[in-house]
Ligand SMILES: C[S@@+](CC[C@H](N)C(=O)[O-])C[C@H]1O[C@@H](n2cnc3c(N)ncnc32)[C@H](O)[C@@H]1O
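Residue numbers (the working numbering), protein chains in the order written: chain B, 221 to 751; chain X, 1101 to 1386.
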């Protein structure tokens, strides 16, 4: 079994040849691809051929970095005292031999839960789940991810946004939103003696850096050296930045935050106003001003009766909000006024989707029963300008779509947006597995979809017997048919990613961990309520 | 054993309650010992709470029957807004709630304020079921004792976790006063988010309060007092009242003397720390 691609994201930056770049995350790793030729440009953490035996794939970047590490082993290894500093946990004193003996599988690396980027596309921000870390990368020359910093948050991030003023907004599962600088100028290699002086720093900081790999996962001396360097760097960063998390959050719910969006609107006076919208497990959608006035709550959007899990502001009309969660419907809001404009019933769509989906259902007939609950797992806005039709007989308005995915449903619902709202019914885009993520190529009127290739379609628990289902799919919008259709435009990247050396093949994944990573939405439902 | 004891306790309680029959117009005040409950409730957990989907869907009429508008007057104008399935009921009240006693306990403050603010609706909000029931029975009995003058018609108590659902009950700028009297201290540092005062919760208090409205706080725990002062003073939507303003406010004295906790502290000769904060106007957008 290979690990499914839990997140995909098209970079705002382009490759040196002007092509699109796709970021994909499979388990603990992120990969950067050139969409045009399908080439793998870079991956993180670097793939070590010795641990991940069957896969000999090497990113140029990783190779380069390892080369650099080989050149200067002395300076990076440092004196023994430094090494102790690096692994601040108790097992630091364990001998190398013991470490090898207790070697856990490479699946112990923390899984990537969120991939985000700065509006200018220069920076990629990744959240890893188990260590609650926000990791900032610089995207260099449209081809290389350069790790800049790792900051461990007090609680698990559930949504991360980079604003145009280089601030990271991080919403977490404890209900708080923190604001932190994208780049911290003081993140520089701290000299060893300095680090030693700050003796009691481990008490003052809230979280200790948890390395992406441990000593137990990397076997060759060269890789261990690389890892130690990585840990050392990360620890220094945390030591430097950790205490800054002690300051108060800018927004807080006494609930679990599930999603967040940031938007700038132009007010009547022509000034720009920034808003933060936060959604929680207790049915709330809250509208706050953005910093420096994040203490002002402007409105609530009331109407959800179950948890809210996803927010989407259509880019063509950002004063509207589409939200979804544990209710049977989608909601469309005039959010500035807290007014509900539309409620779109998803129940018939989901029922049809599950019925129309292949044989597995008909044999047992149970998935429909299981799906008595609907959990919206994704909402995406797509705007397709009809530049293709050059004839000026009619000025065609762009095609506007709201795409909706529900947890454990192998159909993407594609709603048209007409006028000020959603038009029913949606088109069904059938895929062979449960939908995990969608990435929109704005200029190509195309989308990528990742599906769960580990579990059977319509099931959150049953593993597939066949291993052949490709995890990445591509569809193009056909203006003639007014529908999504299969496209051969992206065969190169589909081949690389879905091929036998594609992402997710380096580690043999643990099904339970996969499930926790990709199917967390329905778990937000409150159980005590049935009484 | 414990189970059995619990059973009999509950049975006693039920026998007492059914014989007490405040519904039928009893004027006998309820007795606290039949409403005992664990001292603390977890504000983070999913209690089986009932709360309105939105302030518009909150039905206040059962809480303040004397303030329900006559039928014709309340014929609501058809709203163009998509209603969320529940018919709006706020229209049918002649007044809106303006004062909230958060964590009201056994309701001493409400009962003391009722005759002092006869034209204002006050609500006590309490997370513990038994305690809420006690206050509700207490108010019914008081109303039944005063059928002619209509006293105590302006107070009510409902069960709520205010830390999660305050905005479900009140619109923006609806309240003129909030009381936070002797809140649970939650000593552990890790539990600070469980405190009823924090920078982020203060934003919610600011949201439901109108500019010029006052938050009243009192506690016998000096650390908690300092904590509340620090967090309200640090919040840009609030400014602390001067000591002169505080003493000039009748509510401060009532809060010191009439809350159950306040009385307890007096009996034990303990200290009471008070602080009041004014809700400021929101600044213009930057
Ligand atoms: C120490 S008592 C004070 C009672 C009353 N204010 C007095 O002064 O006598 C604190 C009360 O707050 C209630 N409480 C605690 N957290 C609450 C919450 N989140 N929502 C509503 N009530 C809460 C407790 O159940 C308790 O009755």
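Backbone N, C-alpha and C fix where the C-beta goes; we use that ideal spot for every residue, glycine too.
Predicted model only: the values in this text are computed from it and were never measured.
For residue 223 of chain B, the number of other beta carbons within 10 angstroms of its own is at least 16, and it is reported as buried.
Flagged as an interface residue toward chain B: residue 1263 of chain X, by a C-beta distance shorter than 8 Å. In this structure, DSSP gives residue 1336 of chain X a state outside helix and strand, which the three-state scheme calls coil. Counting every other CB atom within 10 Å of its CB across the protein chains shown gives residue 384 of chain B a total below 16, marking it as exposed. Here residue 637 of chain B carries a strand assignment [DSSP, helix/strand/coil]. Under the three-pair Cβ rule at 8 Å, the segment 1149–1161 of chain X counts as touching the segment 1192–1205 of chain X.
The closest CA to that of residue 716 of chain B, considering only B/225, B/338, B/259 and B/495, is found on B/259. Residue-level contact check: residue 396 of chain B touches chain X, since one or more beta carbons of chain X fall below 8 Å from its beta carbon. If you draw a straight line from the Cα of residue 494 of chain B to the Cα of residue 1209 of chain X, it is about 41 Å long. For residue 1226 of chain X, the secondary structure class from DSSP, reduced to helix, strand or coil, is strand.
Shown in chain order are the members of the segment 1331–1359 of chain X whose Cβ falls below 7 Å from a Cβ of chain B: 1335, 1336 and 1337. Among the residues facing chain X, residue 375 of chain B is not included, as its CB has no counterpart in that chain under 8 Å away. At least one heavy atom of ligand 1 lies less than 7 Å from the C-beta of residue 1225 of chain X. For residue 1307 of chain X, the nearest CB of chain B lies under 8 Å from its own CB, placing it at the interface with that chain. Contact between the segment 1364–1371 of chain X and the segment 1328–1347 of chain X is absent: fewer than 3 CB-CB pairs across the two stretches fall below 8 Å. When Cβ-Cβ separations below 8 Å define contact, residue 1385 of chain X makes contact with chain B. With a cut-off of 8 Å on Cβ pairs, the segment 668–675 of chain B is in contact with the segment 644–654 of chain B, counting three or more such pairs. A distance of 8 Å or more separates the beta carbons of residue 1267 of chain X and residue 1381 of chain X. For residue 502 of chain B, the shortest separation between its Cβ and any heavy atom of ligand 1 does not lie below 7 Å. In the structure shown, the three-state DSSP call for residue 650 of chain B is strand. Around the CB of residue 510 of chain B, 16 or more other CB atoms lie within 10 Å, so the residue is classed as buried. Relative to ligand 1, residue 1203 of chain X has its C-beta within less than 7 Å of a heavy atom.
A distance criterion of 7 Å places the beta-carbon of residue 570 of chain B beyond contact range of ligand 1, judged by its closest non-hydrogen atom. Listed by position along chain X, the residues whose Cβ is nearer than 8 Å to that of residue 515 of chain B are 1299, 1302, 1303, 1306, 1335, 1336 and 1337. Its chain contains 228, 229, 230 and 668 as the residues whose beta carbon lies nearer than 6 Å to that of residue 659 of chain B, once the 5 sequence neighbours on both sides are disregarded; these appear in chain order. For residue 549 of chain B, the enclosing beta strand (DSSP E) has its first and last residue at 549–554.
The beta-carbon of residue 567 of chain B is placed no less than 8 Å from the nearest beta-carbon of chain X.
Check the Cα spacing between residue 343 of chain B and each of B/351, B/377 and B/381: the tightest is with B/381. Annotation note: the segment 457–530 of chain B contains the following uninterrupted beta strand (DSSP E) runs of length 3 or greater, listed N- to C-terminal: 477–486, 492–500, 505–509 and 517–520. Taking a cut-off of 8 Å on C-beta distances, the segment 719–735 of chain B touches the segment 233–252 of chain B, as three or more cross pairs fall below it. If you check each beta-carbon in the segment 1306–1325 of chain X against every beta-carbon of chain B, the ones closer than 8 Å belong to 1306 and 1307. Closer than 8 Å at the C-beta level to chain B, one finds these residues of the segment 1263–1281 of chain X: 1263, 1264, 1265, 1267, 1268 and 1272. Look at residue 1212 of chain X here: in three-state DSSP terms it is helix. Neighbours of residue 487 of chain B across chain X, judged by C-beta separation under 8 Å: 1385. Counting the other Cβ atoms within 10 Å of the Cβ of residue 704 of chain B gives 16 or more, which makes it buried. By the neighbour-count criterion, in which a residue is buried when 16 or more other Cβ atoms sit within 10 angstroms of its Cβ, residue 1150 of chain X is exposed.
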